[in-house]
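Participant: As they're listed, the protein sequences go chains Z and S. The opening residue of the first sequence carries number 219 in my numbering; numbering runs sequentially from there. The opening residue of the second sequence carries number 428 in my numbering; numbering runs sequentially from there.
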Amino acid sequence: GENVEQHPSTLSVQEGDSAVIKCTYSDSASNYFPWYKQELGKGPQLIIDIRSNVGEKKDQRIAVTLNKTAKHFSLHITETQPEDSAVYFCAASKTTSGAGSYQLTFGKGTKLSVIP
Amino acid sequence: KAGVTQTPRYLIKTRGQQVTLSCSPISGHRSVSWYQQTPGQGLQFLFEYFSETQRNKGNFPGRFSGRQFSNSRSEMNVSTLELGDSALYLCASSLAYDREPYEQYFGPGTRLTVT
Numbered sequence: 219g220e221n222v223e224q225h226p227s228t229l230s231v232q233e234g235d236s237a238v239i240k241c242t243y244s245d246s247a248s249n250y251f252p253w254y255k256q257e258l259g260k261g262p263q264l265i266i267d268i269r270s271n272v273g274e275k276k277d278q279r280i281a282v283t284l285n286k287t288a289k290h291f292s293l294h295i296t297e298t299q300p301e302d303s304a305v306y307f308c309a310a311s312k313t314t315s316g317a318g319s320y321q322l323t324f325g326k327g328t329k330l331s332v333i334p
Numbered sequence: 428k429a430g431v432t433q434t435p436r437y438l439i440k441t442r443g444q445q446v447t448l449s450c451s452p453i454s455g456h457r458s459v460s461w462y463q464q465t466p467g468q469g470l471q472f473l474f475e476y477f478s479e480t481q482r483n484k485g486n487f488p489g490r491f492s493g494r495q496f497s498n499s500r501s502e503m504n505v506s507t508l509e510l511g512d513s514a515l516y517l518c519a520s521s522l523a524y525d526r527e528p529y530e531q532y533f534g535p536g537t538r539l540t541v542t
């Protein structure tokens, strides 16, 4: 099955600096890669996603890049703010050939701390 | 539009008991997935339901089961609880009506503690 590795497990940055989180996946058939932000006591919140027919996607201060050949994708947060502090998860999924079911395989998470 | 709701938010049970958790998806979403989140194993897929049918199941023992109703609401049940079942149980809903992956939106979770 799919295996998703995520690095680093913890990341501390100064407010205003950029943060980068990297993930690799094992199944070359995976074609959908979402990123989630989870704050304490809450469920994961979808912040951005990318499909395999796109190499990069941006949404304000957040961007995701995908390298299908190397099977890795990254989350970039620019101009970090204290409210960006949370645990971030990458995930992978793929189109199915059967009844249409799919599942997300998650990385282990990155705890991001933005220091004011 | 209201988000995914889960009840109860917190639950304490004793080993050997059973528990039922409930999830109401976003209006119009017919796919509901369940995930278990623990510090050691992270987020792991339990199962997915679409139009009252289980379409996919993760690698969990048969003590974990679920169902979906005609209004897309879903329940999951864990029988003969073990200490290791203590976790945050998350429900996610999605449009997911064909074979392509769709965005999944998570609820706040149910924190289950087994003593």
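All residues carry an ideal CB built from backbone N, CA and C; glycine is no exception. Only a predicted model underlies this, so the values are computations on that prediction, with no experimental measurement involved.
Could you pull the start and end residues of the beta strand (DSSP E) that Ala514 (chain S) belongs to?
Facilitator: Ala514 to Ser521
Participant: What's the call for Tyr437 (chain S), buried or exposed, on a 16-neighbour Cβ count within 10 Å?
Facilitator: exposed
Participant: Between which two residues does the beta strand (DSSP E) holding Asp302 (chain Z) run?
Facilitator: Run containing Asp302 (chain Z): none; DSSP gives neither H nor E here.
Participant: Report the rounded CA-to-CA distance for Tyr254 (chain Z) versus Ile266 (chain Z), giving the unit in angstroms.
Facilitator: 7 Å
Participant: Taking Cβ to Cβ, would you say Ile453 (chain S) is nearer than 8 Å to Tyr516 (chain S)?
Facilitator: no
Participant: In its own chain, which residues sit with a C-beta less than 6 Å from the C-beta of Ser458 (chain S), not counting the 5 before and 5 after it?
Facilitator: The residues are Phe477, Ser521 and Ala523.
Participant: Verify the CB distance criterion: does Ser311 (chain Z) have a CB-CB separation below 8 Å to chain S?
Facilitator: Yes, because at least one Cβ of chain S sits closer than 8 Å to the Cβ of Ser311 (chain Z).
Participant: Taking the straight line between their C-alpha atoms, what separation do you get for Tyr320 (chain Z) and Gln256 (chain Z)?
Facilitator: The alpha-carbon of Tyr320 (chain Z) is positioned some 22 Å away from that of Gln256 (chain Z).
Participant: Taking 8 Å as the CB-CB cut-off, is Tyr306 (chain Z) touching chain S?
Facilitator: No, because no Cβ of chain S sits closer than 8 Å to the Cβ of Tyr306 (chain Z).
Participant: State whether the region 292 to 307 of chain Z contacts the region 270 to 282 of chain Z, with contact taken as three or more CB pairs (one from each stretch) at a distance under 8 Å.
Facilitator: When C-beta atoms of the region 292 to 307 of chain Z are compared with those of the region 270 to 282 of chain Z, three or more pairs fall below 8 Å, so the two segments count as touching.
Participant: Could you give the distance in angstroms between the alpha-carbon of Ser497 (chain S) and the alpha-carbon of Glu479 (chain S)?
Facilitator: 6 Å
Participant: So for Gly511 (chain S), helix, strand or coil by DSSP?
Facilitator: helix
Participant: Consult DSSP for His290 (chain Z) and reduce its assignment to one of helix, strand or coil.
Facilitator: strand
Participant: Tell me whether Lys312 (chain Z) sits in a helix, a strand or coil according to DSSP, three-state version.
Facilitator: coil
Participant: Return the residue from the list S:Arg500, S:Asp512 and S:Gln468 that minimises the CA-CA distance to Pro488 (chain S).
Facilitator: S:Asp512
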